[in-house]
Structures are given as C-alpha cells and as structure tokens.
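*Asks:*
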Amino acid sequence: MEVWPGHPYPLGATFDGTGTNFTLFSEVADRVELCLFEEDGTETRVEVTAVDSYVWHCYLPSVQPGQRYGYRVHGPWDPSQGLRCNPDKLLLDPYAKAVEGGIDWDESLFSYHFGDEDSENHQDSAPHMMKAVVINPFFDWEGDRTPHTPYHKSVIYEAHVKGLTEQHPEVPEEQRGTYAGVSHPSVIAHLKKLGVTAVELMPVHQFVQDSTLLEKGLRNYWGYNTIAFFAPHNEYSAASHLGSQVQEFKAMVRALHQADIEVILDVVYNHTAEGNHMGPTLSMKGIDNNAYYRTVDDDHKFYMDYTGTGNSLNVRHPHSLQLIMDSLRYWVTEMHVDGFRFDLAATLAREFYDVDKLSTFFELVQQDPIVSQVKLIAEPWDIGPGGYQVGNFPPQWTEWNGKYRDTVRDFWRGEPATLGEFASRVTGSADLYENSGRRPFASVNFVTAHDGFTLRDLVSYNEKHNAANGEDNNDGESHNRSWNCGEEGPTDDAEVLALRARQQRNFLATLMLSQGTPMLLHGDELGRTQKGNNNTYCQDNELTWINWEKVDSPLVEFTAAITRLRHEHPTFRRSQFFDGRPVDMGELGEGDPMPDIAWLNTDGTPMVPSDWDEPLARAVGMWLNGQGIAGVDMRGRRITDDNFIVYFNSNPETVEVTLPPAEYGEKWEEILDTAGEHSDGEVREHSTVLSMAGKSTVMLRAWEEPEAEPDASVAASVAASAAVYAETPELP
Numbered sequence: 030m031e032v033w034p035g036h037p038y039p040l041g042a043t044f045d046g047t048g049t050n051f052t053l054f055s056e057v058a059d060r061v062e063l064c065l066f067e068e069d070g071t072e073t074r075v076e077v078t079a080v081d082s083y084v085w086h087c088y089l090p091s092v093q094p095g096q097r098y099g100y101r102v103h104g105p106w107d108p109s110q111g112l113r114c115n116p117d118k119l120l121l122d123p124y125a126k127a128v129e130g131g132i133d134w135d136e137s138l139f140s141y142h143f144g145d146e147d148s149e150n151h152q153d154s155a156p157h158m159m160k161a162v163v164i165n166p167f168f169d170w171e172g173d174r175t176p177h178t179p180y181h182k183s184v185i186y187e188a189h190v191k192g193l194t195e196q197h198p199e200v201p202e203e204q205r206g207t208y209a210g211v212s213h214p215s216v217i218a219h220l221k222k223l224g225v226t227a228v229e230l231m232p233v234h235q236f237v238q239d240s241t242l243l244e245k246g247l248r249n250y251w252g253y254n255t256i257a258f259f260a261p262h263n264e265y266s267a268a269s270h271l272g273s274q275v276q277e278f279k280a281m282v283r284a285l286h287q288a289d290i291e292v293i294l295d296v297v298y299n300h301t302a303e304g305n306h307m308g309p310t311l312s313m314k315g316i317d318n319n320a321y322y323r324t325v326d327d328d329h330k331f332y333m334d335y336t337g338t339g340n341s342l343n344v345r346h347p348h349s350l351q352l353i354m355d356s357l358r359y360w361v362t363e364m365h366v367d368g369f370r371f372d373l374a375a376t377l378a379r380e381f382y383d384v385d386k387l388s389t390f391f392e393l394v395q396q397d398p399i400v401s402q403v404k405l406i407a408e409p410w411d412i413g414p415g416g417y418q419v420g421n422f423p424p425q426w427t428e429w430n431g432k433y434r435d436t437v438r439d440f441w442r443g444e445p446a447t448l449g450e451f452a453s454r455v456t457g458s459a460d461l462y463e464n465s466g467r468r469p470f471a472s473v474n475f476v477t478a479h480d481g482f483t484l485r486d487l488v489s490y491n492e493k494h495n496a497a498n499g500e501d502n503n504d505g506e507s508h509n510r511s512w513n514c515g516e517e518g519p520t521d522d523a524e525v526l527a528l529r530a531r532q533q534r535n536f537l538a539t540l541m542l543s544q545g546t547p548m549l550l551h552g553d554e555l556g557r558t559q560k561g562n563n564n565t566y567c568q569d570n571e572l573t574w575i576n577w578e579k580v581d582s583p584l585v586e587f588t589a590a591i592t593r594l595r596h597e598h599p600t601f602r603r604s605q606f607f608d609g610r611p612v613d614m615g616e617l618g619e620g621d622p623m624p625d626i627a628w629l630n631t632d633g634t635p636m637v638p639s640d641w642d643e644p645l646a647r648a649v650g651m652w653l654n655g656q657g658i659a660g661v662d663m664r665g666r667r668i669t670d671d672n673f674i675v676y677f678n679s680n681p682e683t684v685e686v687t688l689p690p691a692e693y694g695e696k697w698e699e700i701l702d703t704a705g706e707h708s709d710g711e712v713r714e715h716s717t718v719l720s721m722a723g724k725s726t727v728m729l730r731a732w733e734e735p736e737a738e739p740d741a742s743v744a745a746s747v748a749a750s751a752a753v754y755a756e757t758p759e760l761p
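Heads up: the sequence shown at position 463 corresponds to 492 in this note's numbering, and the numbers run straight through without jumps.
#1: Grab me the residues of residue 349's own chain with a C-beta within less than 7 Å of its C-beta, minus the 5 sequence neighbours each way, in chain order.
#2: Could you please give the first and the last residue of the uninterrupted beta strand (DSSP E) stretch that includes residue 698?
#3: Based on DSSP bridge pairs, tell me the residues matched to residue 726.
#4: Under the rule that 16 or more other beta-carbon atoms within 10 Å means buried, what is residue 653, buried or exposed?
#5: Based on the DSSP secondary-structure assignment, which residues constitute the bridge partners of residue 577?
#6: In or out: residue 351 buried (at least 16 other Cβ within 10 Å) or exposed?
#7: Does DSSP classify residue 158 as helix, strand or coil?
#8: From 611, 527, 624, 731, pick the residue whose C-alpha is nearest to that of residue 706; which is it?
#9: On a CA-only basis, which of 691, 572, 61, 255 is nearest residue 615? Give me that one, please.
#10: Just checking, does the stretch 86-99 make contact with the stretch 117-126 on the three C-beta pairs under 8 Å criterion?
#11: If you drop the 5 nearest sequence neighbours on each side, which residues of the same chain put their C-beta closer than 7 Å to that of residue 434?
#12: Since residue 217 is in the beta strand (DSSP E), which residue starts that stretch and which ends it?
#13: Cα separation between residue 411 and residue 666?
#14: Use the C-beta contact count for residue 534: other C-beta atoms within 10 angstroms, 16 or more gives buried, fewer gives exposed.
#15: For residue 629 and residue 641, what's the separation of their Cα atoms in angstroms?
#16: Here's the rule: buried if 16 or more other CB atoms are within 10 angstroms of the residue's CB, otherwise exposed. What is residue 749?
#17: What first and last residue would you give for the alpha helix (DSSP H) that runs through residue 668?
#18: Locate the alpha helix (DSSP H) running through residue 192, then write down its first and last residues.
#19: Can you give me the start and stop residues for the beta strand (DSSP E) that residue 81 sits inside?
#20: Is residue 270 near residue 235, with beta carbons less than 7 Å apart?
#21: Measuring only the C-alpha atoms, how far is residue 81 from residue 597?
#22: What ranges does the alpha helix (DSSP H) occupy inside the stretch 380-446, keeping only unbroken runs of at least 4 residues that lie completely in it?
#23: Return the bridge partner residues of residue 298 from the DSSP annotation.
#24: Compute the beta-carbon to beta-carbon distance between residue 407 and residue 422, rounded to the nearest angstrom, for a pair I have assumed lies under 8 Å.
#25: Kindly indicate which residue of 582, 288, 561 has the alpha-carbon position closest to the one of residue 573.
#26: Straight-line CA distance for residue 41 to residue 52?
#27: Between the C-alpha atoms of residue 75 and residue 108, what's the straight-line distance to the nearest angstrom?
#28: So is residue 563 buried or exposed if we call it buried at 16+ other beta carbons inside 10 Å?
#29: Whole angstroms is fine: what's the gap from residue 592's alpha carbon to residue 353's?
#30: Kindly identify the DSSP beta-bridge partner or partners of residue 548.
#31: Between 544, 361, 300, 676, which has its C-alpha nearest residue 728's C-alpha?
#32: Apart from the five residues just before and just after residue 250, which ones in its own chain have a Cβ nearer than 7 Å to its Cβ?
#33: Can we say the stretch 532-548 touches the stretch 173-185, given the rule of at least three CB pairs closer than 8 Å?
#34: Would the beta-carbon of residue 8 fall within 7 Å of that of residue 436?
#35: As a quick exercise: from 590, 79, 90, pick the residue whose alpha carbon is nearest that of residue 30.
#36: Under 6 Å: does the beta carbon of residue 265 sit that close to some heavy atom of the ligand PLP?
Following this line, the structure appears as structure tokens:
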C-alpha cells in the first residue's frame, strides 16, 4: 500500500476528494499503527512514521469514504503513573467522524484480566471493537442558513431522537427513531404548531451501551456515555451504508432550518465511556491517558470523578481542550448546528479543584470566533464540591435554571412561603443574572426535563416508581416537589383528573408567561406519562417513547395557544429586567411614566414587603406595562404592546380577586382562565370582583372600545352622497 507522510492537521481522518489523511495525537506513544479493516474483519496495519509536535500522521491516496479503521498505540505501561499503552487494544480515533458497530464487552476490551485489576491483558480486542469510518465530507446544503433566533424570542423543545418518532404513525417505519424521522414533515408540522423555535436534542454523539444495563436486559437510552465527540450516533440512522449517519444528520438540520427551527445539541464533554481504572480501553485511555483524563495526584492509577461516571476529562491539558473546541467548531461549521447544552458544565470549569468561571475552557469559548456566536447553555452543576453553580456562569452563557423549576413546582403544589421567590423566578431571576451583566433570557426556564417526572407525572405521583430500572426503586431523585392531586397514579376519579389537567395548564401558562427562555420537554404537550418513573435513563422502550396514538388533544391546543400568546406579545419576553419603580402608583407625579411592573394583592392594592413575608399567601397579581417599555425593534423604535394582568392562585379554594383601580386600566378583557370558568372575551370594569377557582391562572388584557369601522360599501357611499346634495342643493 502506498503511504505518504501527509499533514499533521486537521486531526482525524480527512478525505480530500482523492485520498485520506490520517492524524493522531499522542505525546506518550513510541510507535503508532493505523489499522484498516475489510468487511470480513481482515486487518491491514500501516506504520505511521511522520510525527510533528506529538501528532502522528500519514496520507493514503487509495483510501476512500467507507473505509473502516482504528489505531494501535505502542508505549509505556505503568498504571500507577497513568501510563496505559497496550498495542493489543484497537483504539477508536477520538476525532472519528463516523463509527460502525458497537462493543460487546468481551474481556479483551480491558487492559487487565477480570478478577485481577493489576494484571496485564494482551488479548486482541479488534474483533469485539467498534471501528471508525472515513466519511465523505461533501454535502449539498442548498443554501442553508441558520434561523439565528434571539434568545428572548426562543422556545426550546428538549427531544430524544428515538423517543420522539419511534411510534409516530405518519413517519415511515424505516425512518422511525432516526434523524430522518425528526425531519419528517409531520414532526416538523407539530413543532411549528407548538411555536417551537429550537429543538434541543439529547446526546447524539456516538455513545456506548453500558454492560451493567445490558446484563439486566436494559439499554442506555439517554446516551450520556460518549465515546466519539465528532460522530453522530449510528443507531439513529435510517440508512445502512457506512458513514451514512453524517449525511442523514445534515439533511435533518437542513430540513429543520428550512422550517426556521434551530438545532441545539446536548453535549457531554465532561467524561467518556471508558470509565475508571476498571473500565475498558477503547480510545483515549490507550492513546494518551494522562493528556485526556484527570487522574488523582497521589496515585495516577485512579481517576478524578466529578460526574459520577468514573472519569473526568482533563481540561488542564491543551490537547484535551483542543479536542473539545475542535469538536464544537466541527458541529457548527460542518454540521450547521446552532448551539450546545453542556451536560454537567461545572466539570469543564474545574481546571484545578474549584469551579472557576475564568478557567481556560471559558476563555477559549469567549475568544473563539465561531463557538462564541452560537447558543451556549450550561447545566450549571456537577457532583463535585461546590458543584451547584446556578447564576455563576460567564455573561456569554445561559443556564438551565434549577431554582426556577423547584420554585414553580413548590408554588403550584401549595408550599408555604414561596410567593416572593415565585415572583422573582417568573420575572427572569434578576437575583441570579442581573449583576453579571446578563439579561432575563440567561435563565432557561423549565418545569420538567428528561431527568425527572414528565409534566403529567408531576401532577399524578407523589413518589417515584422506578422498579423497572432494576435497582429496587433506590435510583432517581426522591424529593420531586410533585403533587398527585389527591390520588397516586392512574385514576378514574373525574375531579382528580380535572384538577390534574388544570395543574398541567398552570405549569405551561407559568412557563410561557415567565421572563426568560422557556424549555418544553417533548411529549409534555401531549400528556406523555412514564408511569411515575423519574429516572428513565435505561428505558429504551414504550415507557419513554412518545405514544402518538394517545394524545391529550386539548392540552396540545392549549400549549400552542399559550406559546402563540408569548410570541405575539413582547411583554412576556422582554430583553431587559424589570425596574418596578415606583412600587406604589400613588407615588407617581404628573407626567411621570408608569412602572413597568406592579404586584397586586387580591384586594387590588399594591403588595408591600409584609405581604411577601406572609407564609400562607398563595395568590398574587402581576400587572405588566406593555406601553413602550418592552424593548425596541430593529430600527430602534419603541415596541408598544398591551397591558396585562396575570393572577396566579395556588390556593386549593376559590379566591375573590378585586381588579385594581382605574390608574392601572379602565377595563379589562379576560383572555385566559386555566380553570375554564370564565369565557374568553368577557370585559370587566376596574375595581370589580373576579372569582378565581382554586389552583388556577387568569389573564386579562387592557381593553378599549374599538373604533367604529367606516362603511365602505357602495350603498353607504350613495346614501352619503344623497345626504350631501340634500343639504347643499346649490351643488352642480
């Protein structure tokens, strides 16, 4: 086979239209072999001799897309020093753009013999190992352009590639559970109806199935076990030819962009599937263990674990950081994705020990001309010391706001002393984000996510029901802040069912009417249940897949309507925090502007500090001024919107609410009642009493008498002309 020296950059396998350049970083290697595989498993080894700055490289003019390959790295073996080279282990290219197959957890995949972790295993792992695939990088994007939806106009939909479409009756059977299924017209039509502007896909980087789950007859459904940061997961591809998942993923992005829907990826750069010192040797562990993984300072045999998965990526090493940044840039430039949600992002900030928002990783992101311009969403915690970092990420970032989730859940289940924090959360969590130069949309608001109860289960279960996971119901969060509305699980009690439906509407209304960036969990709008399981990471079956045959149609319509209301009124998606001054309308002088927000007691008077401290207060009104202070348009003109009042009542009983006096608005039109007791369009005078059902949300819009429309009919024109002539007969 003809072998040329090639080039040390870019890393990975790169087909240029003629042949393929191969590169691999390893500072510790003494020798590197590139291994090419045929379909029957026949292996051809190519000695890689050219080395520049620890990058081993070669160019094979005969290698075309579809070629399977891997590496064998020769070098020192001393686990106590973190050195784990073993040429008997076929290693996956960390820069692999596509992967064929999976692993079968044979003993040969490990560098030790089972039962003796200090032994050295020299069995060949190639027959049991996944293979990297050379891809064709060329694709017709047809002039694709990203929608570039601003955060404050965004509605994010967290979805699972397989779970979203596996049971969709309108998606062809061969496309269900795939990238092609996500981009099917029927799925896109549903997203458009909901007003979704961005789909946040759970992990699509190539991941590994856990052996412990497979032994139980379960599977890694969520995918938080990455092994290749450049490769779309191969099981989500409808096509069968090698590397086809790349083309299919690009086609999905192109179709979603054509519908003005952005694509955000949930990425897991904090750890890999190689686990701890007892884990398999699949890729980076055998290539350059100390460069890629964070080991314990006193004994490099062991790994630092801030993630609960066995290892943490070494964000102190330049090549580990380069891997992350190269991957991010690749997904933006080559795959056209629009942003990332970083799983356990606090781990990426642990350059030394503590979480540091000034760490090298964040500096690299800040200065990168490509990555810095896309949506960056942090899951702002990990399991390490001081890991809960909500509100502490750099200004460029937005965050999953766990405090929003917890507070909104507590308020609607009727917990005492939640009113003040509830008000803070629905107005954008200024206490978390304002002092760091960020805007309300830095708060990614959510009530439910993949981890935990679905929305329907949140109102149907007090306790988790995770027996199907095989851990005696010991896994998953036990403090869910949920309320079953009076009966645990399925019921035929009409009153309980009605209350559960109302509570779901309350949560959705709160989410969409809050300042910040709303995120909806896929299937919540459909009434999806997981039967009380709040930790379905291992349930790749009907328990987690959306059942499109059992859809809560009224809830779908409500979700679409409340999202449309958000899109139509910038009052609910402001780009600046509220000022709230003056608090009391009585402080207004002549000509003074009205406050941008006011909080109302149920008797129509403004809230005072002592009202917020009342532990049993469970109802509040929020008056929103939309007149010229909701923002500016692209030409710099002030946006004028309607004024609104939103009442939230988490009391179990009916509450009599007095509308505020005339200075807030003369008349009010009812446009939303989650209890369904008031008819839309009913107009009420100021200072009148409104009866609110228990556990309900009511919204009113300022109403003015519509101006009479001029009659432009021919008959009216003739009559008007006749009248003019009658009054002025001297006209010719």
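Here a beta-carbon is modelled for each residue, glycine too, at the ideal position from N, C-alpha and C.
*Replies:* In short, the structure shows the following:
#1: 320, 321, 342, 343
#2: 696-702
#3: Secondary-structure assignment with DSSP links residue 726 through a beta bridge to 677.
#4: Residue burial annotation: residue 653 is buried, with at least 16 other C-beta atoms found within 10 angstroms of its C-beta.
#5: Beta-bridge pairing links residue 577 to no other residue.
#6: It counts as exposed.
#7: coil
#8: 527
#9: The shortest C-alpha separation from residue 615 is found at 691.
#10: yes
#11: 475, 476
#12: Not the beta strand (DSSP E): residue 217 falls in the alpha helix (DSSP H), residues 214-223.
#13: 43 Å
#14: buried
#15: The alpha-carbon of residue 629 is positioned some 11 Å away from that of residue 641.
#16: exposed
#17: Taken as a continuous stretch (DSSP letters only), residue 668 belongs to no alpha helix (DSSP H), as it is neither H nor E.
#18: 190-194 is the extent of the alpha helix (DSSP H) around residue 192.
#19: 79-81
#20: no
#21: 57 Å
#22: Fully enclosed alpha helix (DSSP H) runs of no fewer than 4 residues occupy 389-396, 431-442 of the stretch 380-446, in order along the chain.
#23: Answer is none; residue 298 lacks a bridge partner.
#24: 5 Å
#25: Among 582, 288, 561, the Cα nearest to that of residue 573 is on 561.
#26: 5 Å
#27: Approximately 27 Å between the Cα atoms of the pair.
#28: buried
#29: 35 Å
#30: Per the DSSP secondary-structure output, residue 548 pairs in a beta bridge with 185.
#31: 676
#32: 565, 566, 567, 568, 569, 573
#33: yes
#34: No answer is possible for residue 8: the residues shown for the chain start at 30 and end at 761.
#35: The residue with the shortest Cα to Cα distance from residue 30 is 90.
#36: The model depicted lacks the ligand PLP and carries no ligand whatsoever.
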